[in-house]
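Student: Be aware that the sequence shown starts at 1, since it is given in our numbering, and climbs by one per residue.
We put the beta carbon where it would ideally sit given N, CA and C, even for glycine.
Just so you know, these numbers come straight off a predicted model, no measurement behind them.
One structure, as structure tokens, below. Some questions next.
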Amino acid sequence: MDFHLSTGALLMVFLCHMTSALEVPLDLPQPPTITLQSPKDYIFDPRENIVIHCEAKGKPHPSFSWTRNGTHFDVEKDSKVLMKPGSGTLVIDISGEKAEAYEGTYQCTAHNDHGTAVSNNIVIRQSRSPLWSKERIEAITVQMGVSLVLQCRPPAGLPPPVIFWMDNNFQRLPLDKRVSQALNGDLYFSNVLSEDTRNDYICYARFPHTQTIQQKQPISVTVLETNPAGDYRPGFMTPLGATSTEMVLRGETLELECIAEGLPTPEMSWQKDGGELPTSRVSFLNYKKTLKISDVSEADAGDYTCTATNRLGTVDHVIKVTVKAAPFWIGAPRNLILAPNETGILTCKVNGDPKPDIRWFINGVPFENAPEDLTRKVDNDTVILSNVQSGSSAVYQCNASNEFGYLIANAFVSVLAEPPRVLTPPNQVYQVITNSPALLDCATFGSPIPTITWFKDSQISIKSGDPYVIHENGTLEINVAQSQNSGKYTCIATNNLGIKENHVFLEVKEPTRILKQPEYKVVQRGMSAIFECKVKHDPSLIPTMTWLKNNGELPDDERFEVDTDSLTIKDVTDEDEGTYTCIMNTSLDQDSASAMLTVVEKPDPPTDLELTDQTERSVQLTWIPGDENNSPTQKFLIQYEDLLHQPNVWVNMTEVPGTSTTAHLDLSPYVYYSFRVLAKNQVGYSQPSQASRQYRTNPAAPDDNPSDVQGEGTEPGNLVISWRKLTGLQSNGPGLEYKVQWRQKDVAQEWSSRTVANVSQVVVSGTPIFVPYEIKVQSLNDYGNGPEAEVVIGYSGEDLPLSAPDGVLVMVHNSTLAEVHWEPVSSHSVRGKLKGYKVYYRRERGLHEAEEEADQESQDQVLTFSGNLTKGRLPDLQPYSLYNLFIRVLNSKGEGPPSPDKQFETPEGVPGPPSFLQVNPSLDSFTLEWGPPLNNNGRLIGYTLRYQPVNTTIETGPVKIMDFPVNETTVTLDNLNSSVLYKFDLNAKTVKGAGPSITKEASTAMETTPTAEVGKGPTDPTTPITQSPPLHKAPSVGPVFGTVNTSVSEEGAVISWEYFGHHKNIYVEYMVENSKEDWKKESVNGSHSHVLKGLKPGTSYRVRVVARDPTGPTLHSTNEEVVTVPAVPSRHVDIATQGWFIGLMCAIALLILVLLIVCFIKRNKGGKYPVKEKEEAHQDPEIQPMKEDDGTFGEYSDTEDHKPLKGSRTPSNGTVRRDESDDSLVDYGEGGDGQFNEDGSFIGQYSGKKEKDTHEGNESSEAPSPVNAMNSFV
């Protein structure tokens, strides 16, 4: 096996070397080149033919010959030997022949007119699997504890056999650190044990080529157990002595072995003196008894120490390793293509230990035996060729050898004169990923060797340097390709015989990247797991998404759904656990990401519940936890069932941490226990375990007394004693009863008692009213009394209080707040638990009202002051009022008698807001009316009014303030601005001050005047509004002009302004700029914007807004603004001036004239026709008589002018619809009455008006006559 690996490796090295040589197009003359040959050492199976490979190329195609053992091998004379046509491969048929006759050293020669190439020396040997030599095997007897070696000594085979030990049943013998097999096949025992006694230790040898197995005679071993050997220090069984040596060749595998004896069995370790072991190439085998270093180099030479150690001592052995080397290439000679008169060099760079000898051959002949040629010279490892000429082509061989092997290489020298040619296919497209290297090929051939030049996009010359590298073979390398490197590249090959170019294209693509990687998932069994894998890739590349599970394919299961950017696993099972990887592949790159899936579930229930350490009041419960299902157990819950008192009811008993598997349980007497355990993890609780066996505790006296003992009377003269009963678990035994005891506190008397069962209260009668009692409730059963009961204080029943508070006093703080004081009542008069005092008070009347005006609907107000307080505050009182007050005592039973009435008065306060405020606007005034406050809270002394103009923003005008006496409730404010919003605030006053105000907003009326058109004066104003004479006058607010804005729209110039004046007459005045005309004006009363229409385009106007006072000469005006009306350029082409249109209209007019002449002729020939009579006889059912007054027909006229055209359709409303062409002559009749006779003659007049068709609302109401129509076309 190892032999084939080494020879295969040599063949691969040789083939790689061959392919790296210079390629010459096969259409050109060239010496032979060996392309395939068998390995140097060829071991053949005698059952198969011998095949010795030798393939070569050249122009002309080479011929082949062979030598065997250094002499010519005549293939044609041996009928068993066949050379394949067109090649030098030999096929030797050894069937029926002695295969040994064909063993030997073979060499192949390939020859043509330009030279001779030779192969390696190929050693042919037959594989052998000889039988074991017969020997007598003695049985072995050995003392227990000593070491032992069983020798194998297999026969020498070709290649060497594989050794293993088995027994008679063909079972391999177990090997461990005590029993091991050495590299030579021997079986070593560091110490023997009694179990090593057996009679079937058999060594087997397997020969790889023949696939045969040979076995040695069984070896019998007997281990004596009497007088066994004691423990002893380690010692080496192999290798022997303190040191040994080992030689290995460079590139091979080094195997060092140390096997030691000792009791106890020694442990092995290795180290290299003065250095570290090459961790990447080191492996330890056979329980560290063998050190293996692969691909040995010169640095691996040195001293290696193996150490055997047991508890009794340590022993070392040093192996001195030397590294030799068969010849190996540093630089093999390469083919040369030379033009005539050129100079070239062949070099043969080799190394080895010892240093190889180098010999040169030419066409297979030693250099010294070849004809003398002054153009070539040998200098050790170099051949110098100078001034070569045509016809001097040859194949040179370099042979390097030392005692460990040889190397041979062919290199031809071809003398050619050839213009450049590009071997790379044209227009080849290279695609690479951004930031990766790009290699653009430009394989060329020519002699002399062409010079390669690269261009990008046929313009930019590329020089070798960052980011470009131009290799010797012409390949252009871009170290880190970027998008800007995409494009067209041109390589140009040039020598003195010509020039050749080739184009290639580079496309730099965006890398494939996973933007959102799948994330670690913890999923409950039965749920769904979703792994997302969102990818970005170059849009021109076709991506392929692949999902793997544990680096293998996904299961063939419909539960696995693969979408564009996700993997969904439905109904997850435990088998779905693993690592899931998404791989996004394109034709250029890939990206991948992985995530794990962990399937969790509620824990499996615990098993094997056992009860131990059983006592009367405790037990130890143990269990075995179930599977955690990938989620650690957080805790265990222990539950119990009381089969005696509460069967089929499981009660939580205790919890223990998830790391525990046992619990100490405290028990109660007289219970039939069963236990079960539940495990809890992050997912939830497991199913309950199987119930434990039943465990019964013996009865005992109660451990507890009833809880929540209370004593409270429910009515005067009784005491109700209540408690919470014990549970069945607390009873501790049968016959549970309660002993109830009571006695009045602080009174010398004996305990009264009563024993009851199955109840939770006792009623004691005949008790004094609300006195304290001492109470005890004790449990007892058939096995004794419970513990001594604690004393609880209770009270007998309450009754209503007997007395009312004395000394009631009221202190008034202000108009809305008073404070009441009283003296507490005695505790015995309360006759219960004092809960507080209730203060009842009510408003009798206002102080400004007479007694007969007292408020009869006023209700009592009640405030409760908890506890034993002696004062309280009365808030929210009404000012200037008379109040009445009394107090009652409050206990749990109810209220006591009232205290004597107490009256108090509150002082004046500020009044409430006026009851209403009504604002009645007119054009420039307001009339205000209001009512007095609903609550005067004192004596009113008048009203205050505040008003001011406001707009829709936060801006306000000046505030006006007016005061009114109490008897005035209306006012008129005049001389205000029209169309202005005002705000009014009105409040009432007492001697204490002004109260809250009532607010209203209202606008003065808008004066409306029709807008005059440009050039016309304003129209007459509307009729003035008649107003009632004011009851109270208020001053006016002056006019205010705000900002004026101007703009131009399609309708005209837009003027807008702000105005707070009260004047009635507002105008917009304008005139042409720089003209001496008078101002033109348009009335805009009541508005804040206006559009001036009819202005002349391309003209500038001066504009202003004016307010005139009709009662005086006052004139208010804004600043003048200049408005320019832009000229509108005409982009419309007058179609009437176009020649083609005039010609078309003339043609249409001529055609109409001809048609009219024809109609006149037919009419004159047709005469009259009794249409009316004929139609009355054959009336069309669709034509109904119509009335004349609504524009419809009544009866038919005797004239023929009203007859419809034949074939025309008349709607039910009497109008004629133009269903046909608009050129119908009906359009030229009179109101649709012009029609044709049945003979085709036209009836009606050409002049007159046509009534507007209801279906042609956008058309003119007049229809021109044919003559006018013609004139319009001319």
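Who are the Cβ neighbours of Gly872 in its own chain at under 8 Å, not counting the five residues just before and after it?
Tutor: Glu819, Val820, Tyr837, Val839, Leu863 and Phe865
Student: Starting from Gly717, trace the alpha helix (DSSP H) in both directions and tell me its first and last residue.
Tutor: Neither: Gly717 is in no alpha helix (DSSP H) and is coded neither H nor E.
Student: Is it buried or exposed for Pro1010, if we count other Cβ within 10 angstroms and need 16 for buried?
Tutor: Bear in mind that a pLDDT of 39 at Pro1010, under 50, signals an unreliable position, so the model cannot answer this.
Student: Under DSSP, the alpha helix (DSSP H) around Gly728 begins and ends at which residues?
Tutor: Gly728 to Ser731
Student: If I measure Cβ to Cβ from Arg172 and keep anything under 6 Å in the same chain, skipping five residues before and after, which residues do I get?
Tutor: Met166
Student: Using 8 Å as the threshold, is the segment 128-146 in touch with the segment 86-94, meaning 3 or more CB pairs across them?
Tutor: no
Student: Measure the Cβ-Cβ separation of Pro333 and Cys398 and say whether it is below 8 Å.
Tutor: It is a contact, given that the beta carbons lie within the stated cut-off.
Student: Smallest Cα separation from Glu298: which of Leu291, Ser79, Thr322 and Ser686?
Tutor: Thr322
Student: Exposed or buried, what is Met596 when buried is set at 16 or more other beta-carbons lying within 10 Å of its beta-carbon?
Tutor: exposed
Student: Spell out a yes or no on whether the segment 364-377 and the segment 68-80 are touching, meaning 3 or more CB-CB pairs, one atom from each, closer than 8 Å.
Tutor: Below 8 Å, too few C-beta pairs join the segment 364-377 and the segment 68-80 to call them touching: fewer than three.
Student: Who does Glu1121 pair with in a DSSP beta bridge?
Tutor: Val1103
Student: Quick check on Ala326: does DSSP put it in helix, strand or coil?
Tutor: strand
Student: Locate the alpha helix (DSSP H) running through His828, then write down its first and last residues.
Tutor: Run containing His828: Ser827 to Val830, per the alpha helix (DSSP H) assignment.
Student: Shortest alpha-carbon distance to Asn387 belongs to which of Leu338, Pro356, Tyr406 and Asp666?
Tutor: Leu338
Student: Just the Cα atoms here: how many angstroms apart are Gln389 and Pro340?
Tutor: 5 Å
Student: Just how far apart, CA to CA, sit Arg724 and Gln710?
Tutor: Those two C-alpha atoms are separated by around 10 Å.
Student: Whole angstroms is fine: what's the gap from Tyr841's alpha carbon to Val777's?
Tutor: 48 Å
Student: Where does the unbroken beta strand (DSSP E) through Pro46 begin, and where does it stop?
Tutor: Run containing Pro46: none; DSSP gives neither H nor E here.
Student: Return the first residue and the last residue of the beta strand (DSSP E) that Ser447 is part of.
Tutor: Residue range Thr444 to Ser447 is occupied by the beta strand (DSSP E) that includes Ser447.
Student: In whole angstroms, what separates the C-alpha of Asn402 from that of Pro327?
Tutor: 7 Å
Student: Candidates Glu252, Asn191 and Thr197: which alpha carbon is nearest Asp231's?
Tutor: Asn191
Student: Give me, in chain order, the residues of the same chain whose beta-carbon lies closer than 6 Å to that of His111; leave out the 5 immediate sequence neighbours on both sides.
Tutor: Pro62 and Ser63
Student: Alpha carbon to alpha carbon, what distance is there between Thr238 and Val315?
Tutor: 13 Å
Student: Using the three-state DSSP reduction, which class does Leu385 fall into: helix, strand or coil?
Tutor: strand
Student: Identify, in the order they occur along the chain, each residue of the same chain with its Cβ nearer than 6 Å to the Cβ of Phe207, setting aside the five sequence neighbours on each side.
Tutor: Ser129, Gly157 and Pro161
Student: Do Asp41 and Ser127 have their beta-carbon atoms positioned less than 8 Å apart in this structure?
Tutor: no
Student: Rounded to whole angstroms, how far is the Cβ of Gly302 from the Cβ of Lys324, which I believe are closer than 8 Å?
Tutor: Contact flag wrong, Cβ pair sits at about 14 Å.
Student: Once you ignore the five residues that flank Pro768 on each side, which residues in its own chain have a CB closer than 7 Å to its CB?
Tutor: Ser796
Student: Taking contact to mean at least 3 C-beta pairs separated by less than 8 Å, is the segment 213-222 in contact with the segment 247-260?
Tutor: no
Student: Can you list, in chain order, the residues of its chain with a C-beta nearer than 6 Å to that of Gly344? Leave out the 5 residues immediately preceding and following it.
Tutor: Leu336, Leu338 and Leu385
Student: May I ask you to verify whether the segment 420-431 touches the segment 457-473, counting CB pairs closer than 8 Å and requiring at least 3?
Tutor: no
Student: Given Asp642, which residues of its chain have a CB within under 8 Å of its CB, disregarding the five upstream and five downstream residues?
Tutor: Val649, Val651, Val671, Tyr672, Tyr673, Gly728 and Leu729
Student: Measure how close the beta-carbons of Thr33 and Lys59 come, nearest whole angstrom, since I'm counting them as under 8 Å.
Tutor: Thr33 to Lys59, Cβ: 10 Å. No contact.
Student: When the Cα atoms are used, what is the spatial distance from Pro228 to Asn551?
Tutor: 54 Å
Student: Among the candidates Leu90, Met247, Leu981 and Phe1141, whose CA atom is the shortest distance from the CA of Lys1000?
Tutor: Leu981
Student: What number of angstroms, rounded off, separates the C-alpha of Leu175 from the C-alpha of Cys306?
Tutor: 20 Å
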